[in-house]
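*Asks:* Provided herewith is a single structure, encoded as structure tokens, for subsequent inquiry.
There are 2 protein chains.
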Amino acid sequence: MALSPAVEDTLKAIYHLQQEVSPPVSTSDIAERLDKAQATVTSTLDRLEAQGLIAREPYQGSELTDDGKTVAVEVLRHHRLLETYLAEYLDYPWEQVHEEADRLEHHISEEFERRLAEKLENPRRDPHGDPIPGKDLEPPNQNPATPLSACEVGDRVVITRVSDRDEDDLAYLADVGITPGTDVRIVDVAPFGMITLEVDDTEQAVPEGVAASIRVTVLNHDDPANAEQRGDA
Amino acid sequence: MALSPAVEDTLKAIYHLQQEVSPPVSTSDIAERLDKAQATVTSTLDRLEAQGLIAREPYQGSELTDDGKTVAVEVLRHHRLLETYLAEYLDYPWEQVHEEADRLEHHISEEFERRLAEKLENPRRDPHGDPIPGKDLEPPNQNPATPLSACEVGDRVVITRVSDRDEDDLAYLADVGITPGTDVRIVDVAPFGMITLEVDDTEQAVPEGVAASIRVTVLNHDDPANAEQRGDA
DNA sequence: ACCCCTATTTAGACCCGTCAAATTTAAAAA
DNA sequence: TTTTTAAATTTGACGGGTCTAAATAGGGGT
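Chains as they are written, first to last, in my numbering: chain A, 11 to 243; chain B, 11 to 243.
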């Protein structure tokens, strides 16, 4: 009854892809995200379908069932609780928590999860600003925050989330002070190139590719609608 | 290069058996300890030998090589650091730490191990009184402590170690106050039956089987030789 | 309506971990 | 020495997870 890391990882990949592109997710997208051969993914997908965790139309794509989504969200909860705990209680540097959590998330017990959440007092965001699903396993609603790459010169924004997938990028961003909750002003946008920011009274340049994975809340045209989404580090 | 849980568990089993019986360890003893079929163990042993982790004479038994011993001790270090951390920082009850540590020991990184040891200030004993190997991975020398079942009426002893392998026994012992470091007096030994102890001014009976897995240091004939082996909880 | 390209699946292979059943070995008993 | 018995290995099976290479399906173009 216990699911293997391979199965959980595949479910997680589908979950993430589902909220980037609309539901039926392609086999090759999953394979790319997992860094596995397509044939590997096809066979895993077969097993997943047999267990009722995904719905699948050959050649068309896959979609999580409710059961599958619950599993994915539970793994996500493990991941983000672990990241938060590692950063907060074991002093892990920001950019290292992801890798460790990615292994451990498959092996902790319900008990461990409970105690982690308790120690952290049921945190709602992980160190990258991503929402942590509650113990009810409701999928956190993905407020479609603006990517930094879509901002304009002069905007004042608060960083809300930073993708946790590249260690080097994260180390750089942490170094220059771009972390969830930070207040930033867009100084310059070079077409197809760097975005220059003012952060903590210094200027920092961020390549467009990286900027695309940073989500922000825009502050300048004082919009009270999404005021509550601010990071809370 | 990363070793699987099955491989690490087998190495650990051989390590433990080697210090209970003299070196060449039988396949069936390993199988029994791991609760696996003998055929399973035989095939794992073949792989272990191919990797130079054990030396093996078919039909005669297996023995860890230096490499194999190092792996076993590293896993043991993970296990006991985890047990200590779970008990101390996550408030796990005594009898539950073993099971959780038994899974996680295979999945934590060197970094995690380091940080655990650091937070705990390089502890030398785990919650059951077992010695924690240092980061040099020297096998902790197994001081051949007396089993409680070998004590005589009137002996005053200090509990030094309690086997962590049975949850129910542990829960009971914790409940009546028999934990490493506790000072105890043997009140009665019924032949083939119960051993009655005085602990914290109450009397407690312990079945012989359980008593065999409790190690103690005898105090009554004031023997200064092993005075330094006292538990330190 | 046909062709082509790319995404996808199939086929076939391999290793790990697991087991039950059959066989072999070694050691003890007769 | 022969027989018996217990332990250990071998055989053959199966599922998971992985891959490369071959076949095939679908969705454009022309």
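Note that beta-carbon positions come from the ideal geometry of N, C-alpha and C, so glycine has one too. None of the values given here were measured: they were computed from a predicted structure.
1. Going residue by residue through the region 114-192 of chain A, where are the continuous alpha helix (DSSP H) segments of at least 4 residues, counting only ones entirely within it?
2. With a threshold of 16 other CB atoms inside 10 Å of the CB of A:Ala41, please say whether the residue is buried or exposed.
3. Report yes or no: is there a C-beta of chain B within less than 7 Å of the C-beta of A:Asn236?
4. Check whether the Cβ of B:Leu100 lies closer than 7 Å to any Cβ atom in chain A.
5. Mapping DSSP to helix, strand and coil, what is A:Gly203?
6. Determine, using beta carbons only, whether A:Arg125 comes closer than 7 Å to chain B.
7. With distance defined between alpha-carbon atoms, name the residue in B:Glu218, B:Glu208, B:Gly187 and B:Ile188 nearest to B:Ala200.
8. Chain A beta carbons: is any one of them nearer than 7 Å to that of B:Leu114?
9. Quick one: which chain A residues come within Cβ less than 8 Å of B:Ser173?
10. In chain B, which residues lie less than 7 Å from A:Ser119 when you measure between Cβ atoms?
11. Which residues of chain B have a Cβ atom closer than 9 Å to the Cβ of A:Lys129, listed in chain order?
12. Since A:Val220 sits in a beta bridge, which residues does DSSP pair it with?
13. To the nearest angstrom, how far is the alpha carbon of B:Ile24 from that of B:Leu74?
14. State the Cα-Cα distance for the pair A:Asn132 and A:Gly144, rounded to the nearest angstrom.
15. Going by the beta-carbon positions, is the gap between A:Ser72 and A:Leu86 smaller than 7 Å?
16. Whole angstroms are fine: how far does the CA of B:Pro137 sit from the CA of A:Glu121?
17. Do you know offhand how far B:Ala111's Cα is from B:Ala97's?
18. Given that B:Phe122 touches chain A, what residues does it touch there, using C-beta distances under 7 Å?
19. Could you check what DSSP says for B:Gly62 in three-state terms: helix, strand or coil?
20. From the DSSP output, in three-state form, read off B:Asp198 for me.
21. Among residues of its own chain, excluding the 5 on either side of B:Phe202, which ones have a beta-carbon nearer than 8 Å to its beta-carbon?
22. If you draw a straight line from the alpha carbon of B:Asp210 to that of B:Asp193, how long is it in whole angstroms?
23. Taking the C-alpha atoms as reference points, what is the distance between B:Ser32 and B:Leu63?
*Replies:* In brief:
1. Qualifying alpha helix (DSSP H) stretches, in chain order: 120-129 and 177-186.
2. For the purposes of this step, residue 41 of chain A is identified with residue 31 of the first sequence, where counting begins at 1. With 16 or more other Cβ atoms within 10 Å, it is buried.
3. In the first sequence, counting from the first residue as 1, residue 236 of chain A sits at position 226. Since pLDDT at A:Asn236 reaches only 41, below the 50 mark, its modelled position is unreliable, and the value read off the structure follows with that caveat. It does not: the Cβ of A:Asn236 has no partner Cβ on chain B nearer than 7 Å.
4. What you label residue 100 of chain B is simply residue 90 of the second sequence in a count that begins at 1. By this cut-off, B:Leu100 is an interface position.
5. Against the first sequence, residue 203 of chain A aligns to sequence position 193. Of the three classes helix, strand and coil, the one that applies to A:Gly203 here is coil, per DSSP.
6. On the first sequence, position 115 is the one that residue 125 of chain A refers to. Yes, its Cβ sits closer than 7 Å to a Cβ of chain B.
7. One-based indexing of the second sequence puts residue 200 of chain B at position 190. It is B:Glu218.
8. Residue numbering aside, residue 114 of chain B sits at position 104 when the second sequence is read from its first letter. Yes - at least one Cβ of chain A is within 7 Å of the one on B:Leu114.
9. Position 163 of the second sequence holds residue 173 of chain B. Within 8 Å Cβ-Cβ: nothing; B:Ser173 doesn't reach chain A, min ~22 Å.
10. Taking the first residue of the first sequence as position 1, residue 119 of chain A is located at position 109. Near A:Ser119 (Cβ distances below 7 Å), the residues of chain B are Glu110.
11. What you label residue 129 of chain A is simply residue 119 of the first sequence in a count that begins at 1. The answer, in chain order, is Tyr99, Leu100 and Asp101.
12. To locate residue 220 of chain A, count along the first sequence from 1; it is residue 210. In the DSSP output, where bridge partners are listed per residue, A:Val220 has none listed.
13. Within the second sequence, numbered from 1, the residue matching residue 24 of chain B stands at position 14. Within the second sequence, numbered from 1, the residue matching residue 74 of chain B stands at position 64. Looking at the two C-alpha atoms, the distance is approximately 7 Å.
14. Numbered from its first residue, the first sequence carries residue 132 of chain A at position 122. Numbered from its first residue, the first sequence carries residue 144 of chain A at position 134. Distance between the alpha carbons of A:Asn132 and A:Gly144: 8 Å.
15. As a first step, residue 72 of chain A is located in the first sequence; it is residue number 62 there, counting from the start. As a first step, residue 86 of chain A is located in the first sequence; it is residue number 76 there, counting from the start. No, they are not a contact pair.
16. In the first sequence, counting from the first residue as 1, residue 121 of chain A sits at position 111. In the second sequence, counting from the first residue as 1, residue 137 of chain B sits at position 127. Cα-Cα distance, rounded: 19 Å.
17. Position 101 of the second sequence, counted from the start, is the residue given in the question as residue 111 of chain B. Position 87 of the second sequence, counted from the start, is the residue given in the question as residue 97 of chain B. Distance between the alpha carbons of B:Ala111 and B:Ala97: 11 Å.
18. Your numbering for residue 122 of chain B matches position 112 in the second sequence. Ordered by position in chain A, the residues that pass the 7 Å Cβ test against B:Phe122 are Glu110.
19. Taking the first residue of the second sequence as position 1, residue 62 of chain B is located at position 52. Coil.
20. As a first step, residue 198 of chain B must be located in the second sequence, where it is residue number 188. DSSP places B:Asp198 in strand when its eight states are reduced to three.
21. Position 192 of the second sequence, counted from the start, is the residue given in the question as residue 202 of chain B. Excluding residues within five positions, the ones whose Cβ falls inside 8 Å are Glu218.
22. Counted from its first residue, the second sequence places residue 210 of chain B at position 200. Counted from its first residue, the second sequence places residue 193 of chain B at position 183. Cα to Cα, the separation comes out at about 8 Å.
23. Residue mapping note: residue 32 of chain B aligns to position 22 of the second sequence, counting from 1. Residue mapping note: residue 63 of chain B aligns to position 53 of the second sequence, counting from 1. For B:Ser32 and B:Leu63, the distance between alpha carbons rounds to 18 Å.
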